[in-house]
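Just so you know, the sequence shown maps onto residues 2 to 192 in my numbering. Yeah, the Cβ is synthetic: ideal placement off N, Cα and C, and Gly gets one too. To start, the structure itself, in structure tokens.
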Amino acid sequence: MHKVILISGSPRKDGNSMGALQVAAEVLRSEGLETEIITLAGMNIGCCLACPRCSFNDGGHCIIEDGANEIYAKIEQADGLILAAPVYFGTARGAMMNFIQRLGMCSNRHGRFLEGMVGGPIAVARRGGHTMALSEMLMFCYICGMTVCGSHYWNMLFGMNKGEALHDEEGVSTVRLFARRVADTISKTRG
Ligand SMILES: Cc1cc2nc3c(=O)[nH]c(=O)nc-3n(C[C@H](O)[C@H](O)[C@H](O)COP(=O)(O)O)c2cc1C
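Rendered as structure tokens:
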């Protein structure tokens, strides 16, 4: 069965990023895919040290032992990857960027395992900065060779307090269509 990993870059376990991912996961499961949502909440995700030990370690592992390697191993086995982050000061929260920058290095050093993986980013914010945060995460997706899916709008939801973003009907419908396209593209491209 095809599998999609969904990463929440919020420090709130049950915040708006998680809510958006639950919407996406529900659609993916209804299309017959397996899903696993992983939150970075409670983790202290370090940034890439440019050591560059991932070039030499077995399996392209990162030298930083903060729990990210275990998640990278799951991503390597998956067919899809969806990233959801809150906007902080007009950009994606740092933990998400730390996480994906090290993931990109590990992928590059380990057979470019992200190549052809299907998915894309989602950004949540109270009012502004979604497009910058989406752009930051998209730069990662594209350079890693991922197949990014679109929707009828950009994957952005508006909301501040926990759960508020799920009242953004257009945002939720955008995420639903995005998830359907991820499922469809996986079935066409991942054998
Ligand atoms: C440090 C910090 C910075 C923020 N910066 C922005 C911002 O630039 N633009 C905005 O619209 N909302 C901003 N917010 C609000 C969050 O993006 C918003 O509450 C979002 O829904 C949080 O998502 P989460 O529940 O997944 O953590 C900020 C919140 C925090 C804590």
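Given residue i as reference, the closest of the options once Cα atoms are compared
i, options, result
"residue 128", "162, 35 and 99", "162"
"residue 164", "34, 24 and 6", "24"
"residue 11", "172, 177, 99 and 26", "99"
"residue 83", "45, 61, 90 and 36", "36"
"residue 71", "88, 141 and 6", "6"
Pairwise C-alpha distance: residue j and residue i
i, j, result
"residue 189", "residue 30", "17 Å"
"residue 95", "residue 13", "14 Å"
"residue 158", "residue 39", "19 Å"
"residue 61", "residue 43", "25 Å"
"residue 181", "residue 26", "10 Å"
"residue 166", "residue 123", "12 Å"
In DSSP terms, what residue i is bridged to
i, result
"residue 35", "4"
"residue 187", "DSSP lists no partner for residue 187."
"residue 197", "Only positions 2 to 192 of the chain appear in the structure, and residue 197 is not among them; the question remains open."
"residue 121", "83"
"residue 93", "88"
Taking only runs that begin and end inside the stretch 130-175, name each unbroken beta strand (DSSP E) of 3 or more residues, in chain order. 157-159
Any contact between the stretch 114-132 and the stretch 143-153? By contact I mean 3 or more CB pairs, one from each, below 8 Å. yes
Is the stretch 69-83 touching the stretch 101-113, taking contact as three or more C-beta pairs under 8 Å? yes
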